[in-house]
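Contents: one structure, followed by commentary.
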Amino acid sequence: MKGKLILEDGSVFHGDMLNSLKATGEVVFNTGMVGYQESLTDPSYCGQILTLTYPMVGNYGIAKLFMQSRKSFVHGFVIGELCEHGSNWHYEESLAEFLTEQGVPCLYNVDTRAVTRKIRNAGTMKGIIVSADTSQEEIDKLMAVPLPHDQVAEVTTDKPYTIEPEEGQKEHAPYVVAMDFGVKENILKSMHDKGCRLTVVPASTKAEEILAMNPDGIFLSNGPGDPEDVMDAVEEIKKLLGKKPIFGICLGHQLLALALGAKTYKLKFGHRGTNQPVKDLRTGKVTISSQNHGFAVDGESVKDLPIEITHINVNDDTVEGMRHKTMPIFSVQYHPEAAPGPDDNMYLFDEFWAMLKKGE
């Protein structure tokens with residue numbers, strides 16, 4: 010079936026539809042050469058139509074091992090070549106089978122580089138995926154559907170659960186409570202592999218409940234959407250400041266900034282890919298990072314706060330990391346756990362570990 014991606018400015022990109030499902034969402038692009046499964050199952054893409062710049066997608070299939078959440082939360086998927094036969098020793102099913110099972114609308118045989126150039130020039134915008142013969146009346150109706158807000162409520166866990174450390178690590182395992190705003194599995198795995206005992210709680214959990222668990226530290230996870238849509242969580246984070254060591258990643262970093270009195274803003278087209286250079290201002294070292302975010306912390310807004318900017322993006326000087334000057338609190342905008350991508354930044358989990366052990 011022939012289909013098309015229509016952007017809100019009227020731009021049209023033609024392709025073939027894997028299924029007859031329609032999609033409405035914010036159109037974003039990812040520049041990674043690999044990692045389509047991890048991206049499809051990253052809750053941070055909730056409500057978005059994900060476009061991949063790399064031309065061949067699906068060439069190594071799908072495996073449960075690489076799932077980053079319980080399902081795919083993307084609203085649509087736009088790609089170049091859809092590879093029908095994957096080759097990988099982990100292979101369990103094809104990408105097409107996975108998309109069909111997950112109910113993800115997919116448009117392929119699209120010039121995704123052209124889509125990307127459009128978004129880079131004009132900025133991120135709403136779009137729809139429809140069949141080629143869709144009437145203008147229906148197109149107008151779909152375009153009128155408002156973009157979702159507070160996607161965190163859709164992706165967060167509905168009840169707390171605990172991940173115990175390995176048998177030989179239990180005696181000296183620090184205890185971490187992770188607030189789930191859309192956490193990726195590999196983040197939890199990274200902390201578990203360090204030897205942490207983890208309790209993952211819903212995003213709506215109150216500060217009093219978290220402190221009653223008496224954790225050694227608190228983790229604020231990644232997640233989708235505008236941090237200002239989750240101000241209830243910001244109010245709870247304020248109550249946690251200074252009580253326990255805190256580490257935030259991505260949306261958790263932005264929520265922490267808001268709780269500390271800083272501001273956030275929307276980027277023109279966001280940072281999404283596995284090749285973003287980040288500079289550690291403390292050492293001058295540049296590492297390559299995996300990123301997925303459409304908002305950033307306003308660097309000007311932290312100047313009169315007790316916050317030190319620790320990392321910046323080499324490409325555009327946006328804030329990529331910060332640390333409180335007196336309290337055991339730090340955060341980064343990018344994904345140190347990679348999944349997939351470089352592992353240059355795994356040292357951040359070591360820093361959190363050292364912070365937890367220091368409080369013993």
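If you're matching positions, the sequence shown starts at 10 in this note's numbering and goes up one per residue.
Ideal placement from N, C-alpha and C gives every residue a C-beta, glycine not left out.
On a predicted model such as this, the values are computed, not experimentally measured, just so you know.
Query, Result
"Measuring alpha carbon to alpha carbon, tell me which of Ser213, Val185, Leu276, Ile172 ends up nearest lysine 366.", "Val185"
"Given this structure, state the Cα-to-Cα distance separating glutamate 244 from proline 315, to the nearest angstrom.", "19 Å"
"Considering just the uninterrupted stretch of the beta strand (DSSP E) at aspartate 25, what are its terminal residues?", "21-26"
"If you count every other CB in all the chains shown that lies within 10 Å of the CB of asparagine 223, and 16 or more means buried, which is it?", "exposed"
"Per DSSP, which one or two residues make a beta bridge with isoleucine 128?", "Answer is none; isoleucine 128 lacks a bridge partner."
"Can you tell me where the alpha helix (DSSP H) holding alanine 162 begins and where it ends?", "161-164"
"Taking buried to mean at least 16 other C-beta atoms within 10 Å of its own C-beta, is tyrosine 100 buried or exposed?", "exposed"
"Return the CA-CA distance between arginine 281 and glutamine 77, expressed in angstroms with no decimal places.", "16 Å"
"Can you give me the start and stop residues for the beta strand (DSSP E) that aspartate 189 sits inside?", "184-189"
"Reducing DSSP to helix, strand and coil, say where asparagine 39 ends up.", "strand"
"Grouping DSSP H, G and I as helix and E and B as strand, with all else coil, what is proline 236?", "helix"
"Secondary structure at phenylalanine 195, three-state DSSP: helix, strand or coil?", "Reading the sequence as shown, one finds asparagine at residue 195 and not phenylalanine. If DSSP states are grouped into helix, strand and coil, asparagine 195 belongs with the helices."
"Excluding the five sequence neighbours on either side, which residues of its own chain have a C-beta within less than 6 Å of the C-beta of valine 239, listed in chain order?", "Val161"
"Counting only runs that start and end within the region 302-330, where is the beta strand (DSSP E) found for 3 or more residues in a row?", "316-322"
"Between which two residues does the alpha helix (DSSP H) harbouring aspartate 359 extend?", "356-367"
"Using a Cβ distance threshold of 8 Å, determine whether the region 68-75 contacts the region 98-116, with at least three qualifying pairs required.", "yes"
"Where does glycine 261 sit, in a helix, a strand or coil, going by DSSP?", "helix"
"I need the DSSP call for proline 169, collapsed to helix, strand or coil.", "coil"
"Using 10 angstroms around the beta-carbon of histidine 302, count the other beta-carbons present and answer buried if the total reaches 16, otherwise exposed.", "buried"
"In whole angstroms, give me the CA-to-CA distance for aspartate 14 and isoleucine 148.", "It should be noted that the sequence gives leucine, not aspartate, for residue 14. Computed Cα separation, rounded: 11 Å."
"Quick one: grab the DSSP three-state call for threonine 121.", "helix"
"Alpha carbon to alpha carbon, how far is asparagine 284 from isoleucine 138? Give it in angstroms, no decimals.", "28 Å"
"In its own chain, which residues sit with a C-beta less than 6 Å from the C-beta of glutamate 346, not counting the 5 before and 5 after it?", "Asn195, Ile196, Ser199"
"Out of Thr50, His94, His344, Val21, which has the shortest C-alpha to C-alpha gap to glycine 136?", "Val21"
"Quick one: what does DSSP say aspartate 202 is sitting in, helix, strand or coil?", "helix"
"Compute the Euclidean distance between the alpha carbons of lysine 179 and proline 155, then round it to the nearest angstrom.", "48 Å"
"Look at the Cβ atom of glycine 132, then the Cβ atom of asparagine 97, and state whether they are nearer than 9 Å.", "no"
"My understanding is that asparagine 28 touches proline 114, with C-beta atoms under 8 Å, so please give their C-beta distance in whole angstroms.", "7 Å"
"Go to tyrosine 45, then tell me how far its alpha helix (DSSP H) extends in each direction, as first and last residue.", "45-49"
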